[in-house]
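Protein chains in written order, with this note's numbering: chain A, 1 to 345; chain B, 1 to 360; chain C, 1 to 332.
Where is the CB? At the ideal position from N, CA and C, for every residue including glycine.
To start, the structure itself, in structure tokens.
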Amino acid sequence: MTRPLTLTPSIDATVAAGRARYTSLLGLLGLVLLSSMGLSLSLGSFPTSFPEILHALATPQDSDIAFIVWELRLPRLLLAVLVGAALAVAGAILQGMVRNPLASPDVIGITSGAALAAVTFLALFGTTLSIHWLPAAALIGALFAALLLFLLAWKGGVAPSRLVLVGIGLSAAMGALTTLLIVISDDAVAMTAYVWLTGSLYAAQWQDVLGMLPWVLVAVPLCLAYARHIDAMALGDAVAQGLGVNLLRSRLVMVACSVALAGAAVAFAGGLSFVGLIAPHIASRLVGRGFARLVPAAALVGALIVLYADLLGRVAFLPKDLPAGIFVSGVGAPFFVFLLHRTRH
Amino acid sequence: MPLTDYLADRFGRKRIYRLGLWCTRAGLLVGLALGPSALAANAPQSGRSVANAFGDTHISAPPQRVVTLYQGATDSAVALGITPVGVVDSWLEKPMYRYLREALAGVEHVGLETQPNLEKVAWLAPDLIVATRFRHERVRPLLEQIASTVVTGTVFDFKASLTLMAQATGREARARALIRQWDDRVADFRRQIADTLGDDWPQKAAVVRFKSDHVRLYSTGFAGSILDELGYEQPGAVDDQGWGMKLTSEENIPVLNADVIFVLLEPDDPAIARNYRHWASHPLWQRLDAVQDDRVFEVDAVTWIMGGGILAANAMLDSLYVHYGLDNPNRLSMPTPAMRACDADITKVPKPRDEGAAAC
Amino acid sequence: MLIGRFYRGLGLLLGLILVAAAFVASVILGTTEIAWPTFFEALTHYDPSRVAHIILFTERLPRAVIATLVGASLAIAGALMQTITGNPLASPSILGINAGAMFFVVIAVSLLPLHTPADYVWAALLGALVAACLVVLLSRGRHGELAPLRVVLAGVAVTAMFVSFSQGLLIIDRQSFESVLYWLAGSVSGRELSQVVPLLPLFGGALLLCALLVRHANALLLGDDIVKGLGMRVGTIKLLLGLVVILLAGSSVALAGMIGFVGLIVPHMAREIFGVDHRWLLPACALLGAGLLLLADVASRFLMAPQDVPVGVMTALIGTPFFIHLARRKPA
Numbered sequence: 001m002t003r004p005l006t007l008t009p010s011i012d013a014t015v016a017a018g019r020a021r022y023t024s025l026l027g028l029l030g031l032v033l034l035s036s037m038g039l040s041l042s043l044g045s046f047p048t049s050f051p052e053i054l055h056a057l058a059t060p061q062d063s064d065i066a067f068i069v070w071e072l073r074l075p076r077l078l079l080a081v082l083v084g085a086a087l088a089v090a091g092a093i094l095q096g097m098v099r100n101p102l103a104s105p106d107v108i109g110i111t112s113g114a115a116l117a118a119v120t121f122l123a124l125f126g127t128t129l130s131i132h133w134l135p136a137a138a139l140i141g142a143l144f145a146a147l148l149l150f151l152l153a154w155k156g157g158v159a160p161s162r163l164v165l166v167g168i169g170l171s172a173a174m175g176a177l178t179t180l181l182i183v184i185s186d187d188a189v190a191m192t193a194y195v196w197l198t199g200s201l202y203a204a205q206w207q208d209v210l211g212m213l214p215w216v217l218v219a220v221p222l223c224l225a226y227a228r229h230i231d232a233m234a235l236g237d238a239v240a241q242g243l244g245v246n247l248l249r250s251r252l253v254m255v256a257c258s259v260a261l262a263g264a265a266v267a268f269a270g271g272l273s274f275v276g277l278i279a280p281h282i283a284s285r286l287v288g289r290g291f292a293r294l295v296p297a298a299a300l301v302g303a304l305i306v307l308y309a310d311l312l313g314r315v316a317f318l319p320k321d322l323p324a325g326i327f328v329s330g331v332g333a334p335f336f337v338f339l340l341h342r343t344r345h
Numbered sequence: 001m002p003l004t005d006y007l008a009d010r011f012g013r014k015r016i017y018r019l020g021l022w023c024t025r026a027g028l029l030v031g032l033a034l035g036p037s038a039l040a041a042n043a044p045q046s047g048r049s050v051a052n053a054f055g056d057t058h059i060s061a062p063p064q065r066v067v068t069l070y071q072g073a074t075d076s077a078v079a080l081g082i083t084p085v086g087v088v089d090s091w092l093e094k095p096m097y098r099y100l101r102e103a104l105a106g107v108e109h110v111g112l113e114t115q116p117n118l119e120k121v122a123w124l125a126p127d128l129i130v131a132t133r134f135r136h137e138r139v140r141p142l143l144e145q146i147a148s149t150v151v152t153g154t155v156f157d158f159k160a161s162l163t164l165m166a167q168a169t170g171r172e173a174r175a176r177a178l179i180r181q182w183d184d185r186v187a188d189f190r191r192q193i194a195d196t197l198g199d200d201w202p203q204k205a206a207v208v209r210f211k212s213d214h215v216r217l218y219s220t221g222f223a224g225s226i227l228d229e230l231g232y233e234q235p236g237a238v239d240d241q242g243w244g245m246k247l248t249s250e251e252n253i254p255v256l257n258a259d260v261i262f263v264l265l266e267p268d269d270p271a272i273a274r275n276y277r278h279w280a281s282h283p284l285w286q287r288l289d290a291v292q293d294d295r296v297f298e299v300d301a302v303t304w305i306m307g308g309g310i311l312a313a314n315a316m317l318d319s320l321y322v323h324y325g326l327d328n329p330n331r332l333s334m335p336t337p338a339m340r341a342c343d344a345d346i347t348k349v350p351k352p353r354d355e356g357a358a359a360c
Numbered sequence: 001m002l003i004g005r006f007y008r009g010l011g012l013l014l015g016l017i018l019v020a021a022a023f024v025a026s027v028i029l030g031t032t033e034i035a036w037p038t039f040f041e042a043l044t045h046y047d048p049s050r051v052a053h054i055i056l057f058t059e060r061l062p063r064a065v066i067a068t069l070v071g072a073s074l075a076i077a078g079a080l081m082q083t084i085t086g087n088p089l090a091s092p093s094i095l096g097i098n099a100g101a102m103f104f105v106v107i108a109v110s111l112l113p114l115h116t117p118a119d120y121v122w123a124a125l126l127g128a129l130v131a132a133c134l135v136v137l138l139s140r141g142r143h144g145e146l147a148p149l150r151v152v153l154a155g156v157a158v159t160a161m162f163v164s165f166s167q168g169l170l171i172i173d174r175q176s177f178e179s180v181l182y183w184l185a186g187s188v189s190g191r192e193l194s195q196v197v198p199l200l201p202l203f204g205g206a207l208l209l210c211a212l213l214v215r216h217a218n219a220l221l222l223g224d225d226i227v228k229g230l231g232m233r234v235g236t237i238k239l240l241l242g243l244v245v246i247l248l249a250g251s252s253v254a255l256a257g258m259i260g261f262v263g264l265i266v267p268h269m270a271r272e273i274f275g276v277d278h279r280w281l282l283p284a285c286a287l288l289g290a291g292l293l294l295l296a297d298v299a300s301r302f303l304m305a306p307q308d309v310p311v312g313v314m315t316a317l318i319g320t321p322f323f324i325h326l327a328r329r330k331p332a
């Protein structure tokens, strides 16, 4: 009768088991990603074998295919991984904050802002300015859209539902202007703009990888630092404030991270959409909803999706090199549907 | 430092730190955006230097294996008697325009003009790549690592394309002959048409292209620049309209008004023909000057808009001679395969895995 | 917000008058000047040799009729969609209707010899139906019920798939890209009334079904449990309402292309003024949607004359300021 309650050991055991499961899942995803990167490196229009690839990686000076490996394939697949991870984390942040499963950077207008800026650049300045300014223009567009979103959604604070609604409106308006520009442009500009809108990693070079890297390296740890705040906010504003969360600052920082990641990704890869929406969903069905766990898993899932989409674009329709955006849904959606089926209740 | 201390106290350390991070990121991004233009230096070597849209490109020896990444370059290459080892897909009449198909039989395709497959280009081991600024500026650093790359500024300036191709391949004499021939033909046309039309010359010409659900009126561009050279005037509607305009509504037909209308159709597409018939039966169409003077000429969109090279230009001029019923003494004959093999300084160089060499 | 039958009735009447005025404006205004007397003459003594009369009947009237029909249908479909899914972000495009229509049209244009808008009306309709059925199939739960969240997620997946395949085809085949560009942007010009007539039974049937289900739609707002408690079958109601949505939105997309703004935002605006009771909300949506599209069509003629701005672009540009204003007025 006076047997002490021994709940704690079994809770500890459960938590430990959960953690072990999580780390092994993450490890598995990481392993899949690495082998997929290896696969992507060895496939292309030019037939290469894996030993040749290793030789080119180790000693580029005396390999015939050093150019293809080091300048064409490697930067492209690294950019795919970075862009996929960035978009997935951006989507995870928004879905965690807004608590609407449809939230993603595309929905609230970040991608539309970048798209409008990019298409405006192509239509009006394509013949005068160097195209190397296009990523900068797209990024500025994304930041402008975010700024406009904040200004319009601000009313004593930033309520997530209002943020999303205003974002949808802005996204519709910017999408309409983008469509208008494409419709009235000549064929060359219209097609270039449309390819950009679809999302493409074509001609990714080392400068793009190095340009993308800082955004990911800074924003992802930053949002992990605020992970507890997001989980707290999920319990409701009052509870969160009770737990000591500064609502306004947390929201600002998280949205800034999301905008930075999505904006940078779109600037380098074009209007790649859908990744920010489904990668977090897929990840949450694998590892649960805790934000700190979700972010790395979503990043890995997003990276895999974009990697395979780009691979398909490169090798599935030879000799054509098709934009990755076409295949992002082709790769992600069926998997997503499969998960929907498996979790019927 | 007192400044940073003051800022840290005023705004909070974390914010300053974050601001610093943002600045670093912004700086990195701007630096990386500007960086590539600084990397475009070419190492001086022996050989010739060709001025093009990105400064001078060095070409060490007369190129034997040429890859053309836009239609104007493909057309110019064929005109100069070169068989490229790689070309991009055409927009209509896929995979290659009919007027070039015979000359380019067996040539490898490297994908779409907007996104040529770079691995394929590298695999073909070219020694010259001809590209255009608008489409290929982004991949130029990669192209330069494959082979010497020359880039044109505008896509539809066929004389510039021809000259650039000739300079890069050492066939300037041939190019000069072609351009001289063109100038002679232009002068002949201008003389004949002024004689034939008298006071009605110069005419205002509208270049109208029908698509399946809208109609385009072009201002500049390939056809526009050639018509300009021949002495035609532009209808007022397309001043200040950039490349041109698209019309969807038949009540805007009066915008197309001109002394002569050249209607660009695509024979492969029945919907375009149907749309044309629909518009042509509207009463507003009957009131156009060109329709009332019976000067509506149906022409081929491929040679008038898409080809972009000197062969297309000559074909366009041929059609003008026909429509106005003028004598056409200086027709340019299309280079046939047999003729090309015996042409000035070309021998067909075998591809790495193909040992057969074409003899003269 | 208007409260009470009298004020709401007055509001609807006002709306009707405004829509009628917009209709007439749409017929009269344009790059060709048509004066009032000419308009009445055309109605009473149609003279096929007069250009103004021809323009009225072949250009202006079809545009106005299509704009009214499509605007009203899209708005009603959007309102119903938001009720079925319980998600204020829902619109008919959630069910994949727009994307399915787009995909089938692109296939028709690039792979089959179907080229004019009149031809691919049927392709578009078929595509809308196929996509919607796919979404419904994918989102069925274990017992056949349709959880709103799953419908939305399945719709997003199907939409993304169809859109990306269409994009692929359009990028490879530039010719088809140029042919469908206006349709993709949403356009009510260049169509004839003869294209509308075969679709009228679909519109009519859907609206009739909708009228019969208005009270059931109201019940859905109370929550699934209460509906079951009242003895109605939730799944069947949602399925039938879904059918209405598919018919209305699918026919609209088939006729006018992708006009995506109306179905999402007009219901919000109507709800602000008339409340959530579907007996008032749906007619209000119809009027508001028709009015918005007519207004957009008129504006699209003048913004960049003589080029036509696609009407889908204009609806977004006109409607967004209103929508953002409303979004800001909502309590957090």
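Check	Outcome
So L137 (chain C) contacts chain D; which residues on that side make the cut at Cβ distance below 9 angstroms?	In the structure shown, chain D cannot be found, because the protein chains are A, B and C.
Using the Cα positions of A290 (chain B) and F40 (chain C), report the straight-line distance between them to the nearest angstrom.	33 angstroms
Can you pull the DSSP bridge partners for M245 (chain B)?	B:L217
How far does the beta strand (DSSP E) with A254 (chain C) in it reach, from first residue to last?	First-last for A254 (chain C): V234 to A256, but that is the alpha helix (DSSP H), not the beta strand (DSSP E).
Could you list the residues in the region 286-320 of chain C with a C-beta less than 7 angstroms from some C-beta on chain B, going in chain order?	P306, Q307 and D308
Give a yes or no on contact between the region 279-289 of chain C and the region 91-111 of chain C, applying the rule of three or more CB pairs nearer than 8 angstroms.	no
Can you list, in chain order, the residues of the region 169-197 of chain A whose Cβ is nearer than 9 angstroms to any Cβ on chain B?	V183, I184, S185, D186, D187, A188, V189, M191, T192 and V195
In chain A, which residues lie with their C-beta within 8 angstroms of the C-beta of I171 (chain C)?	M191, Y194, V195, T198, L322, P323 and I326
Under the three-state reduction of DSSP, which class applies to E113 (chain B): helix, strand or coil?	coil
Any beta-carbon of chain A closer than 9 angstroms to the one on K120 (chain B)?	yes
Output needed for A193 (chain A): all residues of its chain with C-beta closer than 6 angstroms, excluding positions within five of it in sequence on either side, in chain order.	V119, L122 and I182
Excluding sequence positions up to five away, which residues of its chain have a Cβ less than 8 angstroms from the Cβ of A160 (chain B)?	T152, G153 and T154
Could you pull the start and end residues of the beta strand (DSSP E) that F262 (chain B) belongs to?	V260 to L265
If you measure beta-carbon to beta-carbon, which residues of the region 146-158 of chain C are closer than 7 angstroms to chain A?	L149, R150, V152, L153, A154, V156 and A157
Could you name the residues of the same chain whose beta carbon sits closer than 7 angstroms to that of V349 (chain B), not counting the 5 residues immediately before and after it, in chain order?	Residue confidence for V349 (chain B) is low, a pLDDT of 37 falling below 50, so the modelled location carries little weight; the figure read from the coordinates is stated next. So the qualifying residues of the chain are Q64 and R65.
At a CB distance below 9 angstroms, what residues from the region 159-177 of chain B approach chain C? Give them in sequence order.	none
With 9 angstroms set as the bound, which would you pick, yes or no: does the beta-carbon of S212 (chain B) sit closer than that to a beta-carbon of chain C?	yes
Determine, for N87 (chain C), whether the minimum Cβ-Cβ distance to residues of chain A falls below 9 angstroms.	yes
Can you give me the Cβ contacts of F165 (chain C) inside the same chain, cut-off strictly under 7 angstroms, excluding the 5 residues immediately before and after it?	F103
Starting from the beta carbon of Q175 (chain C), find every residue of chain B whose beta carbon is closer than 8 angstroms, and list them in chain order.	W91, L92, E266 and D269
Can you tell me where the beta strand (DSSP E) holding L128 (chain B) begins and where it ends?	L128 to T132
How should G4 (chain C) be labelled, buried or exposed, when 16 other C-beta atoms within 10 angstroms of its C-beta is the threshold for buried?	exposed
What does DSSP give as the partner residue(s) for T68 (chain C) in the beta ladder?	Answer is none; T68 (chain C) lacks a bridge partner.
Since W304 (chain B) contacts L264 (chain B) with CB under 8 angstroms, what's their CB separation in whole angstroms?	5 angstroms
List the residues of chain A that I324 (chain C) touches, going by C-beta distances under 7 angstroms, in chain order.	L152, V166 and G169
Measure from the C-beta of R328 (chain C) to each C-beta in chain A and report whether the shortest distance is under 9 angstroms.	yes
Flag this pair as yes or no: are the beta carbons of T172 (chain C) and K320 (chain A) separated by less than 9 angstroms?	In the sequence under discussion, the amino acid at residue 172 (chain C) is Ile, which differs from the Thr named in the question. Taking 9 angstroms as the Cβ cut-off, I172 (chain C) and K320 (chain A) qualify as a contacting pair.
Could one say the Cβ of T120 (chain A) lies closer than 9 angstroms to chain B's Cβ atoms, at least one of them?	no
Should E102 (chain B) go down as buried or exposed, given a rule of 16 or more other Cβ atoms within 10 Å for buried?	exposed
List the DSSP bridge partners of V27 (chain C).	Note: V27 (chain C) sits in no beta bridge, so no partner.
Quick one: give me the first and last residue of the beta strand (DSSP E) that A206 (chain B) is part of.	A205 to F210
Using beta carbons (cut-off 9 angstroms, strictly below), is L326 (chain B) in contact with chain A?	no
Whole angstroms is fine: what's the gap from N42 (chain B)'s alpha carbon to I129 (chain B)'s?	Here N42 (chain B) scores only 40 on pLDDT, less than 50, and its place in the model should not be relied on; the value that follows carries that caveat. The straight-line gap from Cα to Cα measures roughly 15 angstroms.
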